[in-house]
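First the structure, in the form of structure tokens, and then the observations on it.
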């Protein structure tokens with residue numbers, strides 16, 4: 003029974019580590035949002051440009067990104083860094099942005115705690131309930147809740163503001179629009195993967211408890227039967 007439970011805990015360590023890795027990857031990559039803004043027809047007609055002349059490509063993450071804009075005279079590229087730009091990526095809600103960062107950090111912390119206590123359960127002998135297999139539920143649930151909270155907050159930021167506009171004033175003044183041309187990119191889906199990993203981990207712990215409980219009940223019944231026969 004103990005050996006079987008340790009195997010499941012070993013699997014949970016691996017999956018929790020994957021969840022933490024996904025969140026770290028989401029932090030490290032600058033592809034939470036991707037957009038291909040277009041110049042409006044009025045601007046293109048006034049300069050005699052074609053519909054393909056005024057184009058742009060913008061990608062960004064939580065801290066940095068890149069922007070390439072063609073005003074009809076060639077592509078101009080620019081790196082975007084949050085702490086160096088007062089109007090970073092256009093107007094957006096700072097509280098929602100900060101809340102996303104806080105939820106992500108907490109998800110990483112609880113994920114690491116889940117990994118740490120799982121390792122302790124694998125090689126040590128936990129005494130308190132909170133440090134034992136039952137405590138592993140708590141850490142994974144907290145990591146899942148914070149991951150889902152980060153997803154929800156960022157989706158709120160995306161649908162309320164980024165989907166409508168992510169352009170700075172210079173691009174807006176040149177006649178560009180990003181309305182309806184912005185999508186969530188793969189860095190965001192790293193976070194979705196992290197939430198899925200923690201959810202799967204909770205399921206694994208449930209399966210582990212049920213199998214170990216069944217094994218324990220079966221062995222206990224055999225011992226009782228043997229005792230009755232001997233008596």
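Residue numbers (our numbering): 3 to 233. The C-beta atom is built at its ideal place from N, Cα and C for all residues, glycine as well. Small disclaimer: the values here were computed from a predicted structure and weren't measured.
For the alpha helix (DSSP H) that contains residue i, what are its first and last residues?
| i | result |
| --- | --- |
| residue 183 | No alpha helix (DSSP H) contains residue 183, which DSSP labels as neither H nor E. |
| residue 139 | 135 to 159 |
| residue 59 | That residue, residue 59, is in no alpha helix (DSSP H); its beta strand (DSSP E) goes 56 to 62. |
| residue 113 | 96 to 125 |
So, for residue i: in the same chain, excluding its five sequence neighbours on each side, which residues have a beta-carbon less than 6 Å away from its beta-carbon?
| i | result |
| --- | --- |
| residue 21 | 113, 196, 199 and 200 |
| residue 67 | 32, 61 and 82 |
In this structure, how does DSSP classify residue i when only helix, strand and coil are distinguished?
| i | result |
| --- | --- |
| residue 178 | strand |
| residue 36 | strand |
| residue 14 | helix |
Sorted by chain position, which residues of the same chain lie with C-beta nearer than 8 Å to residue i's C-beta, five sequence neighbours on each side aside?
| i | result |
| --- | --- |
| residue 95 | 159, 162 and 163 |
| residue 185 | 35, 36 and 37 |
| residue 15 | 117, 120, 121 and 124 |
| residue 209 | 10 |
| residue 192 | 24, 25, 27, 28 and 31 |
Between the alpha carbons of residue i and residue j, how many angstroms are there, rounded?
| i | j | result |
| --- | --- | --- |
| residue 37 | residue 105 | 25 Å |
| residue 9 | residue 18 | 14 Å |
| residue 177 | residue 75 | 15 Å |
| residue 126 | residue 137 | 14 Å |
| residue 124 | residue 64 | 36 Å |
| residue 80 | residue 132 | 50 Å |
| residue 146 | residue 11 | 17 Å |
| residue 78 | residue 135 | 56 Å |
| residue 182 | residue 103 | 25 Å |
Between residue i and the rest of its own chain, which residues show a CB-CB distance below 7 Å, the 5 nearest in sequence each way excluded?
| i | result |
| --- | --- |
| residue 180 | 37, 39, 167, 168 and 169 |
| residue 139 | 204 and 207 |
| residue 13 | 206 |
| residue 98 | 155, 158 and 159 |
Could you tell me the boundaries of the beta strand (DSSP E) in which residue i lies?
| i | result |
| --- | --- |
| residue 80 | 77 to 83 |
| residue 71 | 66 to 73 |
With residue i and residue j assumed to form a contact (beta carbons below 8 Å), what rounded beta-carbon distance in angstroms separates them?
| i | j | result |
| --- | --- | --- |
| residue 34 | residue 189 | 4 Å |
| residue 141 | residue 101 | Contact flag wrong, Cβ pair sits at about 22 Å. |
| residue 71 | residue 173 | 6 Å |
| residue 194 | residue 153 | 6 Å |
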